[in-house]
Every structure is written in C-alpha cells, then in structure tokens.
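Per the working numbering, residue 600 is the first one in the sequence shown, and the count goes up by one each step.
From the three backbone atoms N, C-alpha and C, an ideal C-beta is built for every residue, glycine too.
It should be emphasised that the depicted structure is a prediction, and the values quoted were computed from it without experimental measurement.
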Amino acid sequence: METVAYHMPPLTEDLLGSIIFAMEDQVSDYFLDLKDGSLISEEEMRYLEEDEEAEESFSDERFVSIPDWEPSDGFHLMEMFANRVRNPLYRERLLSCLNSGKGVFRKFKDALGELPVLERKWFSFKDEQLKRVVITWYREQEGTLGLLKLKEDVEDLTEDILLEDFTFETFEGTPSSEIEAFIQIILEELENGREQEGLASLLLSRRFESEMPQHYQLARSQDGNLAAMLAYIPLTDAVVEVPFFAVKQECRGLGLFRLLFDAFSRQMARFHYRTIIVNLAGSAVSLERIFSPFSAQTATKQMVLSTSTWNSNHPSSEEAFL
Numbered sequence: 600m601e602t603v604a605y606h607m608p609p610l611t612e613d614l615l616g617s618i619i620f621a622m623e624d625q626v627s628d629y630f631l632d633l634k635d636g637s638l639i640s641e642e643e644m645r646y647l648e649e650d651e652e653a654e655e656s657f658s659d660e661r662f663v664s665i666p667d668w669e670p671s672d673g674f675h676l677m678e679m680f681a682n683r684v685r686n687p688l689y690r691e692r693l694l695s696c697l698n699s700g701k702g703v704f705r706k707f708k709d710a711l712g713e714l715p716v717l718e719r720k721w722f723s724f725k726d727e728q729l730k731r732v733v734i735t736w737y738r739e740q741e742g743t744l745g746l747l748k749l750k751e752d753v754e755d756l757t758e759d760i761l762l763e764d765f766t767f768e769t770f771e772g773t774p775s776s777e778i779e780a781f782i783q784i785i786l787e788e789l790e791n792g793r794e795q796e797g798l799a800s801l802l803l804s805r806r807f808e809s810e811m812p813q814h815y816q817l818a819r820s821q822d823g824n825l826a827a828m829l830a831y832i833p834l835t836d837a838v839v840e841v842p843f844f845a846v847k848q849e850c851r852g853l854g855l856f857r858l859l860f861d862a863f864s865r866q867m868a869r870f871h872y873r874t875i876i877v878n879l880a881g882s883a884v885s886l887e888r889i890f891s892p893f894s895a896q897t898a899t900k901q902m903v904l905s906t907s908t909w910n911s912n913h914p915s916s917e918e919a920f921l
C-alpha cells in the first residue's frame with residue numbers, strides 16, 4: 600500500500616474557531632483529520648477504523664490530537680485576566696471569586712455579569728489566549744506553512760465595545776445637580792486618598808470656588824448614570840483648557856477616559872480650537888504617558904515637597920551670615 604504524505608491544512612479562521620470549541624468540550628477528545636482538514640471525535644475515529652471500506656485510507660499519521668485544555672487551564676486563564684484588571688474593585692472581586700473554593704467558575708461568571716463591558720473584555724481576552732495556544736500547537740506540528748496572519752497579542756478593549764456600552768454627550772451652562780454631585784464625589788475620594796491626592800482635592804476645590812466650568816463632555820453607562828466627565832474652559836479662540844476630568848471608580852481601567860478625550864479632541868478641532876491644555880492632578884499625573892506619544896509638551900508643573908525634607912537635606916542659607 601502506497602504511503603500517503605499528510606500535511607497540516609491551512610489554519611483558517613473557521614478551523615481555528617472549531618479547534619477552540621472542541622478544546623473546551625470536556626466530554627470528548629478530538630483529532631484533526633489531515634485528509635480533509637476537519638475535526639473528528641475519538642468515538643467517530645473508532646467507527647472509521649472499524650469501517651472495512653475505509654481501511655485502506657486509515658492511518659495513525661492521518662490524525663493529530665488537538666491541544667489539551669483542562670479545567671485547570673481555564674482557571675489559570677481566569678486568574679491571569681483578574682490580575683490584569685486595572686480597576687481595584689473588580690480585580691479584588693474577581694480574585695475573591697477564584698479563591699472562594701467550590702463553584703469558582705459560576706461565581707467568576709456572575710461577577711463579570713455585573714459589568715457588561717468587563718465581561719466583553721474577558722471574552723476578548725479568552726479568545727485571544729486560546730488562539731495563541733492553537734497557533735503555537737499548529738507551528739509545532741508543521742512550522743509556519745499555511746499559517747494565516749492571525750493576531751497573537753492580547754488586545755485591549757476595542758473602542759467598538761466601549762461604544763456599545765457607553766454614550767457620549769456635551770453639556771453647556773451652569774452645572775446640573777447631577778454634575779455637581781459627581782464632582783463632589785470625586786473630590787471627596789481624592790481628599791480621603793493619599794497625601795498627593797488630598798492636595799489635588801484642595802487645589803481643585805479652590806479652582807471650582809473661583810471659576811466653575813460651564814462646558815462638559817460626558818459619558819453615560821447603559822443605565823443612564825454618569826460614568827465619566829471632562830470639564831473644559833475656552834481661553835482664547837484657539838486654546839481650550841481642561842481643568843478637571845474623572846472616571847467613576849467602577850468604570851476605571853476600561854479605557855473609557857481615552858475614548859472620552861478622543862471624542863472631546865475631535866469636537867474641539869471642529870470648533871477650530873488648535874491647542875488643549877490638560878491639568879493633571881493627584882493619581883491622574885500618571886496619565887502623562889497617554890499624551891506624551893502625541894508630542895505633548897509640559898507648559899507648567901506643580902511640585903509638592905515637605906518643609907522638613909528640604910530643611911533636613913539642604914544646607915541652611917542662614918549659616919552664610921554666621
């Protein structure tokens with residue numbers, strides 16, 4: 600009997616999806632049939648082996664076992680995702696579910712369901728990670744021959760997902776009670792935070808006492824509640840200042856501020872503003888990394904230091920007169 604040379608079929612999106620689906624099936628084991636590029640269960644393969652008509656075409660080399668995927672692998676994936684969630688409230692919520700013992704998979708799923716946008720991000724993360732497992736397995740079987748250019752890196756939440764879960768609008772005029780309450784919550788949160796955030800709350804409070812902005816870019820969640828806010832003040836016909844912005848605590852770490860600012864910047868361009876001055880205060884100082892790739896320049900910077908540190912480490916100028 601002539602030996603048949605089998606090769607891995609092209610890894611199309613359909614085949615990739617079928618393999619991932621089969622990997623998560625904890626009931627049956629599956630194999631890739633290299634003859635026609637389809638998946639076959641272990642039970643179906645036994646029937647095929649017993650079929651006398653197929654005996655001539657049956658060969659162990661014809662079938663390749665797909666990657667193993669055990670419940671422990673799924674748990675590890677959930678743990679990876681939970682540790683990457685930037686929002687501390689939901690990160691601890693998910694990790695608590697995973698450490699609760701019995702029923703962790705159901706508890707994890709229920710916790711994700713509390714925030715649909717986070718649930719979508721989980722499915723995106725899981726899908727990309729499983730794709731990486733399949734692609735690695737495929738390359739081990741037959742190098743990169745026939746491999747399509749498929750994404751391997753875990754992607755952040757896409758704007759399309761955020762646009763499905765949040766709506767954006769502008770507000771002009773004296774701040775409504777809803778906006779004032781949102782600002783007050785953020786200021787109190789800062790005041791009760793680290794020393795740096797407490798100082799930020801003080802500076803912002805003084806700013807609002809002297810000049811309350813009357814222009815806002817808002818983001819609302821599906822329930823209609825405010826999820827994020829950006830206040831701005833036109834300084835000239837070409838320059839606009841952003842003295843304050845904030846994202847609701849449970850909506851942080853989703854990329855919402857980036858999308859809100861993008862909508863704001865494009866709207867300002869339509870109004871012929873060429874320059875935006877953004878004030879960073881408290882923990883928001885770390886957001887400087889978001890703007891730096893776009894040729895953002897530092898116009899002013901406020902430094903915070905203690906008198907005791909200066910007095911203890913700097914030579915006293917008073918000694919010069921002794």
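Query: Under 7 Å, Cβ to Cβ, is there at least one residue of chain D near Leu817?; Result: The chain labelled as chain D is not found in the depicted structure, where only one protein chain is given.
Query: Just checking my contact of Gly881 with Gln795 at CB under 8 Å: how many whole Å lie between their CB atoms?; Result: 6 Å
Query: His789 and Ser800: beta carbons closer than 7 Å?; Result: One point to set straight first is that residue 789 is Leu, not His, in the sequence displayed. Their beta carbons are under 7 Å apart, which means Leu789 touches Ser800 by this criterion.
Query: Roughly how many angstroms separate the alpha carbons of Arg806 and Leu610, rounded to a whole number?; Result: 59 Å
Query: Indicate whether the contact test is met: 3 or more Cβ pairs, each with one atom in the region 682-696 and one in the region 710-718, closer than 8 Å.; Result: yes
Query: Give the DSSP-derived three-state secondary structure of Ile665 in the structure shown.; Result: coil
Query: Between the C-alpha atoms of Arg869 and Arg888, what's the straight-line distance to the nearest angstrom?; Result: 25 Å
Query: Mind checking whether Tyr605 and Arg690 have CB atoms under 7 Å apart?; Result: no
Query: Below 6 Å CB to CB, which residues in the same chain sit around Asn824 once its five sequence neighbours on both sides are set aside?; Result: none
Query: Since His814 is in the beta strand (DSSP E), which residue starts that stretch and which ends it?; Result: His814 to Ser820
Query: Taking 7 Å as the cut-off, decide whether the C-beta atoms of Thr769 and Gln816 are in contact.; Result: yes
Query: What number of angstroms, rounded off, separates the C-alpha of Gln740 from the C-alpha of Val663?; Result: 9 Å
Query: Only counting the same chain, and skipping five residues up and downstream in sequence, which positions put a Cβ closer than 7 Å to that of Gly772?; Result: Gln813
Query: Quick check on the DSSP output: the alpha helix (DSSP H) that includes Asp709 runs from which residue to which?; Result: Val703 to Gly712
Query: Between the Cα of Ser894 and the Cα atoms of Gln848, His913 and Thr874, which residue gives the shortest distance?; Result: Thr874
Query: Applying the criterion that 16 or more other CB atoms from any shown protein chain within 10 Å of the CB defines a buried residue, is Tyr646 buried or exposed?; Result: exposed
Query: For Trp721, collect the residues of the same chain with a Cβ closer than 7 Å to its Cβ; drop the 5 residues on either side in sequence, then sort them by chain order.; Result: Phe680 and Leu711
Query: Enumerated in chain order, which unbroken segments of the beta strand (DSSP E) with a length of 3 residues or greater are wholly contained in the region 836-911?; Result: 838-846 and 874-877
Query: Near Ile832, which residues of its chain fall below 6 Å by C-beta distance, leaving aside the five closest residues on each side in sequence?; Result: Pro812 and Glu840
Query: Excluding sequence positions up to five away, which residues of its chain have a Cβ less than 8 Å from the Cβ of Glu641?; Result: Ser627, Asp628, Tyr629 and Phe630
Query: For a quick check, are the C-beta atoms of Ile785 and Ala845 less than 7 Å apart?; Result: yes
Query: Quickly, what does DSSP pair Ala780 with across the bridge? List them, please.; Result: Ala780 pairs with nothing; no bridge assigned.
Query: In whole angstroms, what is the alpha-carbon distance linking Glu643 and Ile665?; Result: 15 Å
Query: Could you check what DSSP says for Pro609 in three-state terms: helix, strand or coil?; Result: coil
Query: Alpha carbon to alpha carbon, how far is Lys730 from Arg738? Give it in angstroms, no decimals.; Result: 12 Å
Query: What are the start and end residues of the beta strand (DSSP E) that includes Leu631?; Result: Tyr629 to Asp632
Query: Spatial neighbours of Ala621 within its chain, please: CB distance less than 7 Å, with the 5 preceding and 5 following residues excluded, ordered by chain position.; Result: Tyr629, Leu638 and Ile665
Query: Since Pro833 sits in a beta bridge, which residues does DSSP pair it with?; Result: Val839
Query: The alpha helix (DSSP H) spanning Ser640 covers which residue range?; Result: Taken as a continuous stretch (DSSP letters only), Ser640 belongs to no alpha helix (DSSP H), being part of the beta strand (DSSP E) at Ser637 to Ser640.
Query: Please determine, among Gly636, Asp624 and Glu623, the residue with the shortest C-alpha to C-alpha distance to Asp613.; Result: Gly636
Query: Just the Cα atoms here: how many angstroms apart are Asp752 and Glu808?; Result: Confidence is the limiting factor: at Asp752 the pLDDT is only 44, short of 50, which leaves the residue's position unreliable and the question unanswerable from this model.
Query: What residue range is occupied by the uninterrupted alpha helix (DSSP H) comprising Glu660?; Result: Careful: Glu660 lies outside any alpha helix (DSSP H) and carries neither H nor E.
Query: Quick one: what's got a C-beta closer than 7 Å to Thr906's C-beta in the same chain, skipping five residues either side?; Result: none
Query: For Leu904, tell me which candidate among Gln625, Ser671 and Asn912 has the shortest Cα-Cα distance.; Result: Asn912
Query: Return the chain-ordered list of same chain residues with a C-beta closer than 6 Å to the C-beta of Val877, the five sequence neighbours on each side being excluded.; Result: Val841
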